[in-house]
Structures are given as structure tokens and as C-alpha cells.
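**Q** My structure is below; once you've seen it, I'll send some questions.
Protein chains: 2
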Amino acid sequence: MVSPWKTASVPGLQLGLGCGFWICRSYRFLFRAGAMGPHVVPRQLVWLSRWQAVCAWGASVQHRTWAGVSRIPSLLSSGGALSSSPLVCRSSSSTPPGAPEVVLTQQRYPVTRLPFSVVSSEDLAAFERILPGGVVTDPEVLEASNVDWLRTVRGCSKVLLRPRTSQEVARILRYCHEKNLAVNPQGGNTGMVGGSVPVFDEIILSTTLMNRVISFNSVSGTLVCQAGCVLEELSRYVEERGFVMPLDLGAKGSCHIGGNVATNAGGLRFLRYGSLHGTVLGLEVVLADGTVLDCLTSLRKDNTGYDLKQLFIGSEGTLGVITAVSIQCPPKPRAVNVAFLGCPGFAEVLQTFSSGKELLGEILSAYEFMDAECMWLVTHHLRLASPVQESPFYVLVETSGSRAGHDSEKLSDFLEQALSSGLVTDGTVATDQTRLKALWALRERISEALSRDGYVYKYDLSLPTERLYDLVSDLRARLGSQAKHVVGYGHLGDGNLHLNVTSEAFSPSLLADLEPYVYEWTARQRGSVSAEHGLGFKKRGVLSYSKPPEALRLMQQLKALLDPKGILNPYKTLPAQA
Amino acid sequence: MVSPWKTASVPGLQLGLGCGFWICRSYRFLFRAGAMGPHVVPRQLVWLSRWQAVCAWGASVQHRTWAGVSRIPSLLSSGGALSSSPLVCRSSSSTPPGAPEVVLTQQRYPVTRLPFSVVSSEDLAAFERILPGGVVTDPEVLEASNVDWLRTVRGCSKVLLRPRTSQEVARILRYCHEKNLAVNPQGGNTGMVGGSVPVFDEIILSTTLMNRVISFNSVSGTLVCQAGCVLEELSRYVEERGFVMPLDLGAKGSCHIGGNVATNAGGLRFLRYGSLHGTVLGLEVVLADGTVLDCLTSLRKDNTGYDLKQLFIGSEGTLGVITAVSIQCPPKPRAVNVAFLGCPGFAEVLQTFSSGKELLGEILSAYEFMDAECMWLVTHHLRLASPVQESPFYVLVETSGSRAGHDSEKLSDFLEQALSSGLVTDGTVATDQTRLKALWALRERISEALSRDGYVYKYDLSLPTERLYDLVSDLRARLGSQAKHVVGYGHLGDGNLHLNVTSEAFSPSLLADLEPYVYEWTARQRGSVSAEHGLGFKKRGVLSYSKPPEALRLMQQLKALLDPKGILNPYKTLPAQA
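Going down the list, the protein sequences come from chains Z and S.
According to UniProt numbering, the first sequence is numbered sequentially starting from 1.
According to UniProt numbering, the second sequence is numbered sequentially starting from 1.
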């Protein structure tokens, strides 16, 4: 595309490397010149259209998918340092051809089976009476539910139950509670920390068939649905009615809303719409003994007693089984813009964020960052082209608003200030879907690029924003030539760092230099060793780095109160008790 | 003020009754005509300036104050049907001259003292050792802390403790726990339901001296402070730094942030920034036995185990004493507009809300409604003038955004659509502080007007938005001439109805027609019998109308787990156990 503005260029015009992107410090001036023409106030910024394809060398554009498997989330940031390579993808129902068998969790990890009963034929008959046709024992079908999608942990459950109603869930749990049978609640099985599959032979209780929308209020935007509704289907449902789901995830094509709530999923809309603790209005939960706890209100305000639903948000199925969700959906934004910018240092990344909050205000919907090594990885391994000049840091700024013209104007002012003050040295902007996705791909495909770089040690941390990158620099110095790459990227707007280290192959000495160092460093900053993925099975041992003993004790007391026999998702979330 | 547009009026121009307000259906047309002049795109809508003073007959403009006592919140909506007239105002430290003595709670209500110890001189000496100079036994000083600000309940505590640190709170509670002494945590004592004062002789544990800001992060907007910080002072503090508190209340001049969190206060910014369950990032809480539970994280994301802080938000001091709060502050809006509109029916009130959500999008910050009887009350008793033509309903729409010009444009489009489609029949808009306050006063002074109308029966309910007004109409028919007025108003955007009934004097038969009818009606709609004010002492008996027995049982179990001796804020929140 030949830019009509090219001839009007002035000092400060930036040439993006490799792709011929143009961004001009003086676009404000150009607008003013343009204001003499018939279109005095352009509804859309002219320079927004100056775009060329990001993928210069033929790599296909991917958005929120990974390795071409659209069911699978792209955010592979907390597989755990001990996980096998996430390059091994899982098909939806069985072991992919040629993929190595996943080692049983009980063989790989030091974990002892608790004294639960073993499912008998009598139990199976009882389940069949509760759920005629809903009891699965076929090993082929069970395989997909026994293995997590990262293919790092594997249970050996012999039975999968597929209830359709909360009453059926209640009858199942009442029975299991009575018979001391352990139960693994499972949604879309897209978790990152081994929380969604059995560790031993726990009964898998799937929400797959609990996929009914119960009600939607088109005035208030309140959606009430069963726990097994797939997030993407709910998104489509509410978008047709002028609303959006307050959360969005890479795994949206598979994950269930019940699982999202059970794991307190963060995701891509967190910066804008906040936590599920704020957007979930009500829950129906079946407790370990089969009691149905009906807190499925659709009210925005309700101060009658303790807010019990909060207990279950983020409890990873260990305190109760979420069977229905009431959630507040915000109105659908009419305009989305993405700017991809180069910053000279991390201080400028922070200052650009402050400036964005000030000038973009209510339309700022994402602020992601990545360092130069991340860009090297995606350009080198995935052959994506950087749309901007080489920089120490890059940020992706997304706006979502109700009026395209207004949003563009706000964005242009923000960019003008960022450029003129030197916070940003180069940048490009997209408004249409294809281009938005291409820019997002640069950020979202880092995980994939990392997995092609070698063995990956992954950490998903929350840290005070101003210290967010210090750990990366620190580790780079500490590890020296032991590591191929030490990279930092993530949801800066949420204080969420994805720290990744690669080496040619798994190295115990490198691991020893990483852990507990990373956890201790995070603890000193009062950070979180699991920002958004929970603890599940694989991270339950590191809880104490982020929570004091008094908190751990109270969590254990709550578990004992709500699930005295410990049958719900055992071996998860809380550390094994001595 | 003579409107320059008056001569350009076209059919559809509306004349507001009594005040000479003009609003024109064809202002879009006028803009277009105006666009031929030099100012092609007005930064601010011209018609926004067409304003005349609201208060036609000399009543002073009041905003978020009531009866001239600025310490006292104006939202008197759930004093409870049995409360004495809220017209009796309380001074800050003692009984106002001429005001009747408040009857002791134990004399007015059927409540029995639980077998706690009585404070001895030995206990006082122990407290003095923990808090040198912080032990108050002067009856004059104690009076203000024994009586709620509505002057409806009164305890007889003999000691008020004023710690400065959480360690001091911990030592006090450890002592009280050991000695079986009951404790009434108290913040600003601005609660509506008698939750903030002792029922008998509980020790009053005040957060007044715990008023230190611990930290503020000017990048992330995270404020960490002690529980006794006054909301208004925090607002000022963060506003000077470019942020706002995510909550605002009529009582902000007195209420403490710890009390706000303990009661899960709603307030005026709820529609925009949501619940404290979403905006509070961390808490420090001292448990009943003196254990300090440090969950005072400043992280937006932390999925390491159960989110314990949620337990204490809205638990009204019955599960622990909040000693410090970490809260996420949003950026300060640069522009605020208020539109006051007349609607021909409640269906139109709802449709206007839908339209506002669509066209105002991210800048909609309040949507309040009031019925014609409310307007009659404020015009008749307070001599305020209605700024718009007489209508069956009125709505107040507030926008808050980062750019005045954009916000005005969105607002004008919304109003044009509302007017042209007949949803709104008349209206006026304000942008400057004085006028904003005057429009807000029409909505906020309804409580005051009601209290001048006679004895007031007050209910604060959450209901599904589409049924919100049905209860008002229903009651009007049911009560007939027994009631002077049956009025409905409130935070429609949050589904929160303030239902008020007045009669010449207290009438047992009228009360019998109201209760349990109102609670049963609310329960049938799965509504909440306390939307934003909690249960405290006065409403704890009606919890079961909004929560099922399973929920109540779990609440009681949580209370027993966290406070096995029941020393924390006894007689509050949960119903008395049989």
C-alpha cells in the first residue's frame, strides 16, 4: 500500500524493520492539514489504515490458538518446570498418533493414595440408576479425561459420570460421600496445573452435559447457565444479544464456565472487567455430602449474611462442585483498536502504562508487554515479522469502547504523547479483525516459540508492577550461559509476569538454580507464585511462598468443614498434610 | 438566562414546569445548522449550558448531606420499620439538646444477653497495659459510641478501646477471647441496621486511631491503608494523585474504609466500579482469638489457595476485625455529566436504561430512578423545584469519562434517541459541580422529604430489574388509604429499590399489612431483603427470606469455626439460634 502521507513526512517518521510500517510523530499535524478538506473530523484515523501484513515470510496468522490445535489454549505459562514439553499436543479424545504415552502421575510424582474406597460393580450399578446412560467405563473414552491437555499428568480413573442436572450431581455426591469414594470434578480439562484430572482412580464427574442456558436478562445483562456451558458458546450467545462475557481465555473453545469459576480464571479481559469475584453474581454448588447450596441469585446487590459463593470461586473443586453460574455481562464494545509499540526500557513500559490509563481512561482493555528476547523467539522460531523497529521492550495496548471515532481520537492522543515524550520509539495500530489478530499473535505465540527453543522452565507470577522485570534481569545474570534464554512477558496491566527460561535439555543444576530461588524472590516481594492458573496438583507444594501459615491453617479448616472426608478433588490445591 | 436557541425552536421543544428549562428534540438539527459557523465541532454541547437554578423557592442546595448535618449520611433507606423518626439527628459526641433519650436496645427489643464475662477493673488494667492512654471509660464520650446515628438502638458499653496498630488489636482480642469478653468492632458508626453499636455491654473496639495510609502505588493505583481511614480523606488523597476510590457514599465524611469493607458497602459508584468483592485486593484481619491473618496483598491476581479475604467482606465484624485494606483505585474521570429526565412509565425507565447502556457504554456511571410521589415529596416538603415537566417517573443518568467532548457527544446521542422514541418526554443536563449537585439533591433528599411526611416504614430491597416497581404498585393497591404515600426510588442500575411507606403515625395494623408481606414478595422474586445495608442487629431476623436453610447453616458453621466463643459482634448478622 502506498501511503498518501509518505510525501508529507517530517522528521520523526519511523520506519519499522522488515515490514515497511510507517508511524509518524506528526500525524496530529497531518490531521490538522487534512482538516481543511471536506471531512473535518475523520471518524476514523487515517493513519490507522497504514498497514501491511505482519507475517512477512509465510507464517500463518494465528490468534489465541496454539500449534494449530484450536481446542487448546495458547497461554502455556505455568506448565511447571517439571512438565514434559508442551509441544506434545493432545487430541480431543485419545493419544495422538506417535505421541509418547504420558507417565502415570503416581509413578512420576511422590504421592500416596489416600484410603478412599475403590469403585465396585455395585457402585457402577448405583451410578447407572442415578444416571441411566451417563456412566462411561470405556477405556478409550476415559483416556482423554485421565490426561491433562499439557500431557504432563495422568490418572487411572475407571469411571466417568456425566450428569445433566444438579440433582443428579447431588445424588452422586451423596452416594460417594456415604461410600467414601473420591471424586474429580472436571470441566473442559484445559487447566495448566494438573487440577482437572484424577491423580489416582478418583471418579471423574464431568459437567459436559450440563450445558444449558437457564436465563438471560437483556436489560441487566445477567446470564444464568449450567456449569458445563462452553465459554465460547456463551460468548456467542450473549454477543448476539449485545453483551460480552466478562472473561475471555485462549481456551474458550473448550473450557467450561463452571471450571472458569472454580479456578478463578483471569484471562484477556481481566484488566477491563476485573475478577470473577466481582462479576459472578451467584452460584449453585453441590457440597461434598450432596447438599445443594442454592446461591444462584441474579442480584447485583445482596448483603444478607456472608457471601458464600466467594468461597467456591477459585477453590478448584475442592470445596464443592459448581453446578450453575449467574454472571454479569457488560455491554459489547463497538470498537476495538490494538497498538503495538516499541519502548526503550522497562521504566518507559511502566510510564507508558500510566499515560495509557490517563489518556485512554475507560477504554483501555489490555496492556501486555514482552521483551526483546521474546521478539527474537517469535521472529526466529515462528518466522513472524516484527512490525516495529527493534526495541528492548514491546507493549500491546488494546482499547475497547462504544464509539470508534472517540476511541481513535483518544488513542491518537495517547500515542502522540508517548512518541513525543520518548516513552515509545516506534509503533503500529490495527482496527480490523485480521490485523488485530496478527498483532495479538506476536504476544500470544511466545509460548509456542519458547517450546521450540528447548526445554522450558515456566513460572506464572504476580509481582508489584514496578519490580515486575527485576526478576528477569536478576535471573539472566544469575544463570549466565547455563540458560539459552531468560524471557519476561505478560499482562503488565494486571501485574502478571510470565517468566520463562530455556535450555537445550532438562538440567537438574539449572533447576536447582531456579527453585526455590524464583519462589523466594517472589515471596520477598509479597508476590504470588500462581497468578492466574491456580495450584491444582502440580503447584500445591509452593502455596506457602505466597500465603502465611495462618492462612494455610484457615484454608485447611475450611476444607475440613466443607469436605470432612476429603473426597472432593483430593491431592489438589492444599499441600499434603504431614 | 435567555436561550439563544429559543427562537430556533421547532415542534418538540419542551418547557419544564416552573423553572423555565428548555430541552429540544431537534438539538441535533440545531447543531448541524450551527456547524456552518466557525466552531464546526463544539467541544461541549451548547444546550448543556441552558440551565436555571433548581431551587426556585429558596431551599438551599444540599448534596449528600441530610438535615444539614454533614457528618451524617443522607441515604436513610433502611432504618427499619420499627425505627424512630430519623428526623432526630445525632450530634457527633452527645445527645442533641432537646432530643429524646434513645431507649436501650435490651429494653426495646426481645433480646437476651449471652453469658459473656463482665468487664472488671482487672480487665481495664490489662487494656491499659496494652493501650496506654487508649482506654476510654468516660460515659460522656461513650454515649456517642453506644448509640447508632439513626438513634434507634443503644448499648450500655462501659469501655471503648482505641488501638493504633493491628498488633494492639491482636493483643486485645487474644485477651478478650481468653476472658470470654464480647467485642463490638466499630468504624465510623454510620451503619443503618444497628450493626455498629453494642447491644448490651460489649467492649467497643474502635478503629478511629488506625488512620494511616500505608502505601499508594501511583502506577497501579493500589492503596493500602489502615482500617480506620475515613473514606472522604482517602478520596482526597487518591484524587490528588489522579485516581478515585472505587466507592462513594453519603456517609463518606465519617465512615471508615474498614467498616465499608466489613459491611460490603454499595453506594454511588457501584454501577461503574462494581462490588468491593472485586475491588478489594487484600485485607489484614485479626481473628477472634487474636491471630493476625495477613492477606494484605496488593496483587490484582493471586490464585494461591482459597481467597480468604472474601469471607470477611460483608461479614459485619462477626468473623474477624479488619485492620488494614488494600484496594484498587480506578483513574479519576475528567468529565462528569448528569441528565435528569422524565419518563412516561416504568417500562420506559427500563428501556431508557438499556439505551443508556448501549449508547453511553463505558461512561455510564449512575442510573437512578424516582417516581412521581417522590418528586411531590421533595417539591412539597423541601421546596425544591422540579427541573422537568411532571412525569410518572424520573431518572437521573450520570456519565463519568476521560474526555468531556466525547462524553457530551455520547450523551447527546443517547438523549436524542430517548426523546425521539418517546422513552423520555422532558429533561435537563448539567456539567458543572453546583448544577450536578442540585440535580443529585432531587434524588438524594427523598429520604429527608419522607421523614417530614410522617412515620416512615423503610425497606432496602434488591429485585430483578423488570419487577422492581411492581411491588410499589402492588402495595399502593394493598394499603389504600391506610398509607399517606407509597413511594419507590433507588439505584435502578443496580436493581436496588428503596421502598418507603408513610403514615401520620406509627400504626401496628399498617405494619402488619407490610410485614411479612414485603419480605415474602421479595423472596418470591428471589430478591434480597437487604440490598446494601447488611443485616446488623435490626434485620438479622429476616435473613431467611433471602437465603435458603442450607446457606444459613453454612454461615453458622463458618461463624463457629472462626469465632467459636461468639465474642465478635454478638447478636448481629445471623439470626439468634434457638
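Glycine is no exception: its CB is placed at the ideal position from the N, C-alpha and C atoms.
Is the stretch 454-472 of chain Z in contact with the stretch 529-538 of chain Z, if contact means three or more CB pairs nearer than 8 angstroms?
**A** Flag = yes, the stretch 454-472 of chain Z and the stretch 529-538 of chain Z touch.
**Q** Quick one: does Pro73 (chain S) have its CB under 8 angstroms from some CB of chain Z?
**A** Counting from 1 along the second sequence, the entry for residue 73 (chain S) is found at position 73. Confidence is the limiting factor: at Pro73 (chain S) the pLDDT is only 30, short of 50, which leaves the residue's position unreliable, though a coordinate-based value still follows. Chain Z, which has no Cβ nearer than 8 angstroms to the Cβ of Pro73 (chain S), makes this no.
**Q** DSSP state of Gly401 (chain Z), grouped into three classes?
**A** To locate residue 401 (chain Z), count along the first sequence from 1; it is residue 401. Residue state, collapsed to three classes: strand.
**Q** I think Asp289 (chain Z) touches Leu173 (chain Z), with their Cβ atoms under 8 angstroms apart; what is that distance to the nearest whole Å?
**A** For this step, residue 289 (chain Z) is matched to residue 289 along the first sequence. For this step, residue 173 (chain Z) is matched to residue 173 along the first sequence. With a Cβ gap of about 7 angstroms, Asp289 (chain Z) and Leu173 (chain Z) count as contacting.
**Q** Is DSSP giving Lys158 (chain Z) helix, strand or coil here?
**A** Start at 1 with the first residue of the first sequence, and residue 158 (chain Z) comes out as number 158. In this structure, Lys158 (chain Z) counts as coil in the three-state DSSP scheme.
**Q** Please confirm whether Gly228 (chain S) and Gly187 (chain S) have their CB atoms less than 8 angstroms apart.
**A** In the second sequence, residue 228 (chain S) corresponds to position 228, counting from 1. In the second sequence, residue 187 (chain S) corresponds to position 187, counting from 1. Yes; because the gap between Cβ atoms is below 8 angstroms, this pair is in contact.
**Q** What three-state label does DSSP hand Asn184 (chain S) in the structure shown?
**A** As a first step, residue 184 (chain S) is located in the second sequence; it is residue number 184 there, counting from the start. If DSSP states are grouped into helix, strand and coil, Asn184 (chain S) belongs with the strands.
**Q** On the criterion of 16 or more Cβ atoms from any shown chain inside 10 Å, does His491 (chain Z) qualify as buried, or is it exposed?
**A** Here residue 491 (chain Z) corresponds to residue number 491 of the first sequence, with the count starting at 1. By the 10 Å Cβ count, His491 (chain Z) comes out buried.
**Q** Do you know how far the Cα of Asn303 (chain S) is from the Cα of Trp66 (chain Z)?
**A** The count along the first sequence starts at 1 and reaches residue 66 (chain Z) at position 66. The count along the second sequence starts at 1 and reaches residue 303 (chain S) at position 303. Bear in mind that the predicted position of Trp66 (chain Z) carries a pLDDT of just 26, short of 50, making it too unreliable to give a figure here.
**Q** Evaluate Gly401 (chain Z) with the Cβ neighbour count: other Cβ atoms within 10 Å of its Cβ, from every protein chain shown; 16 or more gives buried, anything less gives exposed.
**A** Looking up residue 401 (chain Z) in the first sequence gives position 401. It is buried - the Cβ of Gly401 (chain Z) has at least 16 other Cβ atoms within 10 Å.
**Q** Three-state secondary structure (DSSP) at Thr152 (chain Z)?
**A** Here residue 152 (chain Z) corresponds to residue number 152 of the first sequence, with the count starting at 1. Three-state DSSP puts Thr152 (chain Z) in coil, outside helix and strand.
**Q** Closer than 8 angstroms, CB to CB, is Asp148 (chain S) near chain Z or not?
**A** Translated into the one-based positions of the second sequence, residue 148 (chain S) becomes position 148. No, Asp148 (chain S) does not count as interfacial toward chain Z.
**Q** Rounded to whole angstroms, how far is the Cβ of Leu296 (chain Z) from the Cβ of Leu283 (chain Z), which I believe are closer than 8 angstroms?
**A** Your numbering for residue 296 (chain Z) matches position 296 in the first sequence. Your numbering for residue 283 (chain Z) matches position 283 in the first sequence. About 6 angstroms; that satisfies the 8 angstroms criterion.
**Q** Compute the Euclidean distance between the alpha carbons of Glu398 (chain S) and Phe340 (chain S), then round it to the nearest angstrom.
**A** Position 398 of the second sequence, counted from the first residue, corresponds to residue 398 (chain S). Position 340 of the second sequence, counted from the first residue, corresponds to residue 340 (chain S). Distance between the alpha carbons of Glu398 (chain S) and Phe340 (chain S): 9 angstroms.
**Q** Within the same chain, show all residues whose beta-carbon is closer than 8 angstroms to that of Ser93 (chain S), passing over the 5 residues directly before and after it, in chain order.
**A** By one-based count along the second sequence, residue 93 (chain S) stands at place 93. Bear in mind that the predicted position of Ser93 (chain S) carries a pLDDT of just 37, short of 50, making it unreliable; the figure below should be weighed with that in mind. Excluding positions up to five away in sequence, the list reads Glu140, Val141, Glu143 and Ala144.
**Q** If the cut is a Cβ gap below 8 angstroms, which residues of chain Z does Met555 (chain S) touch?
**A** Numbered from its first residue, the second sequence carries residue 555 (chain S) at position 555. Result: Gly305, Tyr306 and Leu308.
**Q** Say whether chain Z places a C-beta atom closer than 8 angstroms to the C-beta of Leu423 (chain S).
**A** Residue numbering aside, residue 423 (chain S) sits at position 423 when the second sequence is read from its first letter. Closer than 8 angstroms: no.
**Q** I want to see whether chain S comes within less than 8 angstroms of Ala531 (chain Z), judged by CB atoms only; does it?
**A** On the first sequence, residue 531 (chain Z) is found 531 positions in, with the first residue counted as 1. Chain S contact via Cβ: present.
**Q** Report the option in Z:Leu415, Z:Ser315 and Z:Val429 whose CA atom is closest to the CA atom of Gly356 (chain Z).
**A** Within the first sequence, residue 356 (chain Z) is the residue found at index 356, counting from 1. Closest option to Gly356 (chain Z), Cα to Cα, is Z:Leu415.
**Q** Residues bridged to Ile327 (chain Z) by DSSP?
**A** Locating residue 327 (chain Z) in the first sequence gives position 327, counting from the first residue. Ile327 (chain Z) is bridged to Z:Leu223 and Z:Val280.
**Q** Ignore the nearest five residues each way along the sequence and tell me which others in Arg108 (chain Z)'s own chain have a CB closer than 7 angstroms to its CB.
**A** The sequence position of residue 108 (chain Z) within the first sequence is 108, counting from 1. If we look at Arg108 (chain Z) and ignore the five residues flanking it on each side, it has no Cβ neighbours.
**Q** Starting from residue 587 (chain S), follow its DSSP beta bridges and name the residues at the other end.
**A** The displayed coordinates of chain S run from 1 to 578. Any statement about residue 587 (chain S) would go beyond what the structure contains.
**Q** Could you round the C-beta distance between Gln328 (chain S) and Thr222 (chain S) to whole angstroms and report it? I think they count as a contact, below 8 angstroms.
**A** Locating residue 328 (chain S) in the second sequence gives position 328, counting from the first residue. Locating residue 222 (chain S) in the second sequence gives position 222, counting from the first residue. Their Cβ separation, rounded to whole angstroms, is 6 angstroms, which keeps Gln328 (chain S) and Thr222 (chain S) in contact under 8 angstroms.
**Q** Taking CB distances under 8 angstroms as the criterion, tell me whether Cys255 (chain Z) reaches chain S.
**A** Translated into the one-based positions of the first sequence, residue 255 (chain Z) becomes position 255. Cys255 (chain Z) does not count as touching chain S.
**Q** Secondary structure at His491 (chain S), three-state DSSP: helix, strand or coil?
**A** By one-based count along the second sequence, residue 491 (chain S) stands at place 491. DSSP places His491 (chain S) in strand when its eight states are reduced to three.
**Q** What are the residues in the stretch 499-529 of chain S lying within 7 angstroms of chain Z by C-beta distance?
**A** Listed by position, the residues of the stretch 499-529 of chain S near chain Z (Cβ gap below 7 angstroms) are Arg526, Gly527, Ser528 and Val529.
**Q** Would Ala333 (chain S) pass as a contact of Gly242 (chain S) if the rule is Cβ separation under 8 angstroms?
**A** Numbered from 1 along the second sequence, position 333 holds the residue referred to as residue 333 (chain S). Numbered from 1 along the second sequence, position 242 holds the residue referred to as residue 242 (chain S). Correcting the residue type first, residue 333 (chain S) is Pro in the shown sequence and not Ala. No, the Cβ-Cβ distance between Pro333 (chain S) and Gly242 (chain S) is not below 8 angstroms.
**Q** Is the Cβ of Ile363 (chain S) closer than 8 angstroms to any Cβ of chain Z?
**A** Position 363 of the second sequence, counting from 1, holds the residue named residue 363 (chain S). Interface residue, yes.
**Q** Specify the secondary structure class of Gly427 (chain Z) as computed by DSSP and reduced to three states.
**A** In the first sequence, counting from the first residue as 1, residue 427 (chain Z) sits at position 427. Strand at Gly427 (chain Z).
**Q** Going by DSSP, what residue range makes up the alpha helix (DSSP H) through Ile172 (chain Z)?
**A** In the first sequence, residue 172 (chain Z) corresponds to position 172, counting from 1. Per DSSP, Ile172 (chain Z) belongs to the alpha helix (DSSP H) from Ser166 to Lys179.
**Q** Give me the residue from Z:Gly278, Z:Gly320, Z:Leu276 and Z:Gly274 with the minimum Cα distance to Thr291 (chain Z).
**A** One-based indexing of the first sequence puts residue 291 (chain Z) at position 291. Per the Cα distances, Z:Gly320.
**Q** What residues match up with Asn496 (chain Z) in a beta bridge as DSSP calls it?
**A** Counted from its first residue, the first sequence places residue 496 (chain Z) at position 496. Z:Ser462 and Z:His491.
**Q** Measuring only the C-alpha atoms, how far is Lys559 (chain S) from Thr318 (chain S)?
**A** Counting from 1 along the second sequence, the entry for residue 559 (chain S) is found at position 559. Counting from 1 along the second sequence, the entry for residue 318 (chain S) is found at position 318. Roughly 7 angstroms separates the two Cα atoms.
**Q** Anyone know if the C-beta pair for Ser117 (chain S) and Lys179 (chain S) falls short of 8 angstroms?
**A** For the purposes of this step, residue 117 (chain S) is taken as the residue at position 117 of the second sequence. For the purposes of this step, residue 179 (chain S) is taken as the residue at position 179 of the second sequence. Yes, the Cβ-Cβ distance between Ser117 (chain S) and Lys179 (chain S) is below 8 angstroms.
**Q** State the CB to CB distance for the pair Leu181 (chain S) and Asp248 (chain S), rounded to an integer number of angstroms; the pair is presumed to be in contact (CB under 8 angstroms).
**A** Here residue 181 (chain S) corresponds to residue number 181 of the second sequence, with the count starting at 1. Here residue 248 (chain S) corresponds to residue number 248 of the second sequence, with the count starting at 1. Rounded, the Cβ-Cβ distance is 36 angstroms, inconsistent with contact.
**Q** Any C-beta of chain Z within less than 8 angstroms: which residues of the stretch 233-249 of chain S qualify?
**A** So the close ones are Gly242.
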